[in-house]
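What follows is a short report on a single structure.
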Amino acid sequence: MTLSVLRSEAAPAVAGAQDPAELHREIAQLAPNTLLLELGTLQVFCAPAAALPLVLLEIGRLREMTFRAVGEGTGKALDIDTYDAHYQHLFVWNRDSREIVGAYRLALTHPVMQGLGVEGLYTHSLFDFDVRLLERLGPSLELGRSFVRPECQGSTRALRLLWAGIAVVLDRHPEVYHLFGPVSVSPRFSELGRMLIMSALQLHHMDPELKCLIQARNAPQAPAHPWHHRLNEVSAGLADPGRLSRFLKRLEQGMALPMLIKHYIELKGRFAGFNIDHAFSGTLDGLVFVRVHDIPHKLRTRLTRSAPP
Numbered sequence: 003m004t005l006s007v008l009r010s011e012a013a014p015a016v017a018g019a020q021d022p023a024e025l026h027r028e029i030a031q032l033a034p035n036t037l038l039l040e041l042g043t044l045q046v047f048c049a050p051a052a053a054l055p056l057v058l059l060e061i062g063r064l065r066e067m068t069f070r071a072v073g074e075g076t077g078k079a080l081d082i083d084t085y086d087a088h089y090q091h092l093f094v095w096n097r098d099s100r101e102i103v104g105a106y107r108l109a110l111t112h113p114v115m116q117g118l119g120v121e122g123l124y125t126h127s128l129f130d131f132d133v134r135l136l137e138r139l140g141p142s143l144e145l146g147r148s149f150v151r152p153e154c155q156g157s158t159r160a161l162r163l164l165w166a167g168i169a170v171v172l173d174r175h176p177e178v179y180h181l182f183g184p185v186s187v188s189p190r191f192s193e194l195g196r197m198l199i200m201s202a203l204q205l206h207h208m209d210p211e212l213k214c215l216i217q218a219r220n221a222p223q224a225p226a227h228p229w230h231h232r233l234n235e236v237s238a239g240l241a242d243p244g245r246l247s248r249f250l251k252r253l254e255q256g257m258a259l260p261m262l263i264k265h266y267i268e269l270k271g272r273f274a275g276f277n278i279d280h281a282f283s284g285t286l287d288g289l290v291f292v293r294v295h296d297i298p299h300k301l302r303t304r305l306t307r308s309a310p311p
């Protein structure tokens, strides 16, 4: 198995948008404690799927639209799976334009484990691990399926608001020791570009102990490229994510290191493995772990204060 993937040309059109008035009505009926914070016309909510039937459909539509735009996505009309039903959904809502700006999917691991076992965690569909990993991690929060709609990606405001919302969730759950989840690298990167990203992360940002506790279900294989034997040599000087991103821009015709990877490194995140997700257009996923207490104090304060109540 290599990093190259054959893409289907017959993917159905992305589903149509939900009625903004109906979305507004559904959000207005949410419990007061689901509103995490507000900044101007933007509100950040976190609620279970059962309280958000229409919002979840719109999130599924926007996920697919956003991920297809960068060569990812499920190839279905909606990006909604069986995990959505028992996960929480954190989203940014523009109350003036009545639009969802971006979202994250998250789950506290202990309640999911108690009800569904390790199979109830989305990450387990990408990486084989057992309860020993979660026992070692302690109470944790799995994150994933994050997006910011394309027309809002020119600014980091939406991503900052999503992470400010996550900071509020952490404040409400002080028992959480770790954040973890997959972070993706688009198939639009060349094989060499993706292998370079993976090599740099393995060399500089890998957790060797956690690596021993997981097994990728579809581990990427090195392509037969004349540069492959030099990847570690080149990666040795690319520990800094800014430098890696600049190198990639030259190699990949302007494509930079994915913003979320840079963000997780800023949070002192450590990677434990990589997987090819054939159900998601052959995306390369890195499994990243962040120890909450390792997040720099200044950064956590900035996240918490990035959107005043």
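Following the numbering used here, the numbering of the sequence shown begins with 3 at its first residue and continues without gaps.
A virtual CB, placed ideally from N, CA and C, is assigned to each residue, including glycine.
Look up D379 in the DSSP assignment and say whether it is helix, strand or coil. The requested residue 379 is not part of the displayed model; the chain covers only 3 to 311.
Decide if E66 is buried, meaning its Cβ has at least 16 other Cβ atoms within 10 Å, or exposed. buried
For A49, the nearest candidate out of A87, R293 and N220 (CA to CA): A87
Residues near Y179 in its chain [Cβ-Cβ closer than 8 Å; skip 5 each side]: L139, G140, P141, S142, R293, V294 and H295
6 Å Cβ shell around L246 - same chain, five flanking residues per side excluded: A202, L240 and L259
Do you know whose CA, among Y85, L161, I102 and T285, lies nearest L64's CA? I102
For Y106, the first and last residue of its enclosing beta strand (DSSP E): E101 to L110
Mapping the DSSP letters down to three states, classify T4 as helix, strand or coil. Any reading at T4 needs caution, since the residue's pLDDT is 47, under 50, leaving its predicted position unreliable; the model's value is listed next. The answer is coil: DSSP assigns T4 none of H, G, I, E or B.
Quick one: residues in its chain with C-beta nearer than 6 Å to the C-beta of H2, no 5 flanking neighbours on either side, listed in chain order? It is not possible to answer for residue 2, since the shown part of the chain is limited to 3 through 311.
Can you tell me whether DSSP reads Q116 as helix, strand or coil? helix
Pull up the CB-CB distance for I199 and W95, whole angstroms please, since I reckon it's below 8 Å. At roughly 33 Å, the Cβ-Cβ gap does not stay under 8 Å, so I199 and W95 are not in contact.
How long is the line joining the alpha carbons of T285 and P189, rounded to whole angstroms? 6 Å
Judging by CA-CA distance, which residue of A218, R151 and C214 is the nearest neighbour of D287? A218
I'd like to check one pair, Y106 with I168: are the Cβ atoms closer than 8 Å? yes
Is S186 buried or exposed, if buried means 16 or more other CB atoms sit within 10 Å of its CB? buried
CB F93 to CB G75, shorter than 8 Å? no
Distance between beta carbons of A274 and D209, contact taken as under 8 Å: 5 Å
Suppose contacts are defined by Cβ-Cβ distances below 8 Å. Is R272 in contact with H231 by that definition? no
As an exercise, report each continuous alpha helix (DSSP H) stretch of at least 4 residues that is fully enclosed by the region 44–90, in chain order. 55–70
Relative to the C-alpha of K78, which residue among R252, R159 and V16 is closest? V16
L163 to F182, Cα distance in whole Å? 19 Å
Going by alpha carbons, who is nearest to M1 out of I278, R27, L44 and G73? Residue 1 lies beyond the residue range present for the chain, which begins at 3 and ends at 311; the question has no answer from this structure.
Status (buried if at least 16 other CB within 10 Å, exposed otherwise) for S99: exposed
If you draw a straight line from the alpha carbon of A13 to that of P176, how long is it in whole angstroms? 43 Å
Separation of I297 from I267, as counted between CA atoms: 10 Å
Count the other CB atoms within 10 Å of the CB of L111; is the residue buried (16 or more) or exposed (fewer)? For the sequence presented, residue 111 should be read as Thr rather than Leu. Buried.
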